[in-house]
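Asks: In our numbering, the protein residues as written are 852 to 964.
Backbone N, C-alpha and C define an ideal beta-carbon position, used for all residues, glycine too.
Please read these numbers as outputs of a predicted model, since none were measured by experiment.
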Amino acid sequence: MAGTINKDRRERTVVRLDPDDKQRAGYWAKRRGFSSVNEYMAEAIAEKIRRENQDYDLPTLEIARMNQLVDEVKALSTNSANLERVVTQGFDSLIGLTRGDSNYLFDDEDGEL
């Protein structure tokens, strides 16, 4: 059973923690419904070992990061398309001016503003 700890075969280990880390461990142990900080720490160590062995759920780690990267690529693609459109329209305007096509700037003035 991955994720469960065999309580009958446990050995005692002493861990020295920073007071802030101990307080945070107590907070999260209570928040996650563990009966004690020791239970929480034992589960945390087991989870860390599973992660080191690459035995973890993909949707929560790599796929989430992959989805984030896909979203960034989509945003870059949209930005690139917008930039292409602006540059193309700008050059079309400049080419139109150099050709001498009709333009409101070239209209005869009638003296009114």
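1. Taking the alpha-carbon positions, what's the R867 to L912 distance?
2. Are the beta-carbon atoms of A880 and E890 separated by less than 8 Å?
3. With DSSP as the reference, label Q905 as helix, strand or coil.
4. Determine the direct distance from the alpha carbon of V937 to that of D872, and round the result to whole angstroms.
5. How would you write the range of the alpha helix (DSSP H) that P910 sits in, first residue to last?
6. Alpha carbon to alpha carbon, what distance is there between R860 and Q905?
Replies: Inspection of the coordinates gives the following:
1. 29 Å
2. yes
3. coil
4. 53 Å
5. That residue, P910, is in no alpha helix (DSSP H); it is neither H nor E in DSSP.
6. 24 Å
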